[in-house]
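*Asks:* If you read the sequence shown in our numbering, its first letter stands for residue 4, the second for the next number, and so on. C-beta: ideal position from N, C-alpha, C; glycine also. Keep in mind that this is a model prediction, so the values were computed, not measured.
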Amino acid sequence: ATPTAIMVATGVGANNGVLIKGGDALERAQMVKYVVFDKTGTLTQGKASVTTARVFTGMERGEFLTLVASAEASSEHPLAKAIVEYARHFHFFDEPSTTKDTRNRSKESKFSSWLLDVSDFSALPGRGVQCFIDGKQILVGNRKLLTENGICIPTFAEDFVVELEESAKTGILVAYDSALIGVLGVADPLKREAAVVVEGLVKMGVKPVMVTGDNWRTARAVAREVGIQDVRAEVMPAGKADVIRSFQKDGSIAAMVGDGINDSPALAAADIGMAIGAGTDIAIEAADYVLMRNNLEDVITAIDLSRKTFSRIR
Ligand code: ADP
Ligand code: MG
């Protein structure tokens with residue numbers, strides 16, 4: 004293709020909200036064999052919401068949610084945001100209503116005062132969060148986080164988490180003062196176009212793959228819904244780049260589509276890194292393509308554009 008053709012294609016992409024950083028990236032897309040999708044925020048809407056909160060101790064529900072929200076308040080993770088939002092709503096509607104015009108303000112401030120003081124907060128990538136409230140350790144995250152900290156998960160709790168995972172939800176376990184006190188279920192719906200795009204890629208001869216830090220059971224349930232057969236789950240952030248490299252071993256061209264900080268090593272390792280425009284800046288920087296409309300159909304638009312631009316000279 005001539006420099007003019009590349010310039011025209013880049014312009015067509017831009018008009019469709021597909022930003023292409025350079026002619027090389029544009030050229031490589033036509034040869035793509037694997038498209039590896041991140042799950043959370045890429046295949047899914049990234050708008051997680053709490054669907055279930057079960058307390059196992061005698062603790063009051065509001066107290067449980069306050070503890071968990073306080074622990075998650077400093078985390079940027081979509082799961083954390085969902086939990087804080089849920090607790091905020093719980094307290095908002097829980098309070099007896101006063102006069103109409105002062106209601107919103109007073110409830111908001113009441114909730115803020117309910118958020119407990121937290122010390123020694125740490126976010127543990129691929130696991131959850133840990134901190135101290137009232138001098139006692141609180142852990143909010145997956146099984147790995149709890150077992151690594153020596154917390155035992157009783158059978159009834161494990162069964163409940165399995166039930167959540169089989170319905171494509173993420174189970175979040177909460178331990179306080181060395182004991183499991185409850186579990187939350189979080190759902191993150193698929194993007195509306197996700198399944199159609201996956202089907203479209205298969206028709207184009209491209210193999211769709213899903214990679215996620217989430218657990219195997221949830222991952223498989225989501226993959227089944229979206230029509231992806233090749234799934235890699237419980238992948239730690241650095242592991243996503245290894246997944247990409249494993250596809251490149253025989254010289255195949257692999258694309259990565261992702262939105263998170265976690266995805267940036269994989270976006271950089273991929274032959275074609277595609278960042279969701281609504282994603283984090285770090286992901287956008289690491290990528291060759293930015294999908295500004297946050298619509299997965301643009302993965303196909305990008306490949307089509309490359310094929311049309313370069314087919315004549317091949
Ligand atoms: P993904 O690849 O799906 O974006 P992450 O690597 O961010 O996943 O997280 C993997 C898993 O770690 C999550 O599914 C969740 O179980 C747990 N996790 C991570 N951060 C948090 C958090 N702030 N609160 C609760 N759980 C978390
Ligand atoms: Mg993500």
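Could you tell me which uninterrupted beta strand (DSSP E) segments, each at least 3 residues in length, are contained entirely in the stretch 148 to 229, listed from first to last along the chain?
*Replies:* Listed in chain order, they are 173 to 179, 182 to 190 and 210 to 214.
*Asks:* Just checking, does the stretch 229 to 249 make contact with the stretch 10 to 27 on the three C-beta pairs under 8 Å criterion?
*Replies:* Result no; under three Cβ-Cβ pairs closer than 8 Å.
*Asks:* For K24, name the three-state secondary structure that DSSP assigns.
*Replies:* Correct three-state label for K24: coil.
*Asks:* Keeping to the same chain, check which residues put their C-beta closer than 8 Å to that of I168; ignore five residues upstream and five downstream.
*Replies:* Residue identity differs from the one stated: residue 168 is Glu in this sequence, not Ile. So the qualifying residues of the chain are G174, N218, R220, T221 and A224.
*Asks:* Using only CA atoms, which one of V177, F250, L70 and K24 lies nearest to L187?
*Replies:* Looking at the Cα atoms, V177 is the closest of the given residues.
*Asks:* Taking only the alpha-carbon atoms, compute the straight-line gap between Y179 and Q133 and give it to the nearest angstrom.
*Replies:* Whole-angstrom Cα-Cα distance: 10 Å.
*Asks:* Using a threshold of 9 Å, state whether the C-beta atoms of T43 and G216 are closer than that.
*Replies:* Closer than 9 Å, so yes.
*Asks:* Suppose contacts are defined by Cβ-Cβ distances below 9 Å. Is A51 in contact with A85 by that definition?
*Replies:* Contact: yes.
*Asks:* Give, in chain order, every unbroken run of the alpha helix (DSSP H) that is at least 4 residues long and sits entirely within the stretch 233 to 316.
*Replies:* Complete alpha helix (DSSP H) runs here, min 4: 240 to 251, 267 to 272, 284 to 289 and 300 to 313.
*Asks:* Between T102 and G153, what straight-line distance do the alpha-carbon atoms span, to the nearest angstrom?
*Replies:* The predicted model places T102 with a pLDDT of 42, which falls under 50 and marks its position as unreliable, so this point remains unresolved.
*Asks:* Give me the pocket residues for the ligand MG, defined as CB within less than 5 Å of any heavy atom, sorted by chain position.
*Replies:* Spelled out in chain order, the answer is D41, T43, G44, D262 and G263.
*Asks:* Nearest by alpha-carbon distance to G254: which of Y89, D245, V201 and D274 is it?
*Replies:* Checked all of Y89, D245, V201 and D274; the closest Cα to G254 is D274.
*Asks:* Rounded to a whole number of angstroms, what is the C-alpha to C-alpha distance between V260 and G61?
*Replies:* Distance between the alpha carbons of V260 and G61 is about 44 Å.
*Asks:* Give me the residue from R248, A258, S249 and D284 with the minimum Cα distance to I264.
*Replies:* Of the candidates R248, A258, S249 and D284, the one whose C-alpha sits nearest the C-alpha of I264 is D284.
*Asks:* What residue range does the alpha helix (DSSP H) around A8 cover?
*Replies:* Looking at the DSSP string, the run of the alpha helix (DSSP H) that includes A8 is P6 to N18.
*Asks:* Judging by CA-CA distance, which residue of K194, F135, R248 and S181 is the nearest neighbour of F124?
*Replies:* Minimum Cα distance to F124 is reached at F135.
*Asks:* Please say whether T312 and V38 have beta carbons closer to each other than 9 Å?
*Replies:* Contact: no.
*Asks:* CB of A257 to nearest heavy atom of the ligand ADP: below 8 Å?
*Replies:* Result no, Cβ not under 8 Å from the ligand ADP.
*Asks:* Thinking just about the alpha-carbon of each residue, which of L148, D137 and K147 is nearest to the one in L70?
*Replies:* It is D137.
*Asks:* If you count every other CB in all the chains shown that lies within 10 Å of the CB of K252, and 16 or more means buried, which is it?
*Replies:* When all chains shown are included, K252 counts as exposed.
*Asks:* Select from A269, E228, F163 and V205 the residue whose C-alpha is nearest the C-alpha of K194.
*Replies:* For K194, the nearest C-alpha among the options comes from E228.
*Asks:* I'd like to check one pair, G276 with A289: are the Cβ atoms closer than 9 Å?
*Replies:* Yes; because the gap between Cβ atoms is below 9 Å, this pair is in contact.
*Asks:* Given 8 Å as the limit, tell me if D217 has its C-beta closer than that to any heavy atom belonging to the ligand ADP.
*Replies:* Yes, the ligand ADP has a heavy atom inside 8 Å of this Cβ.
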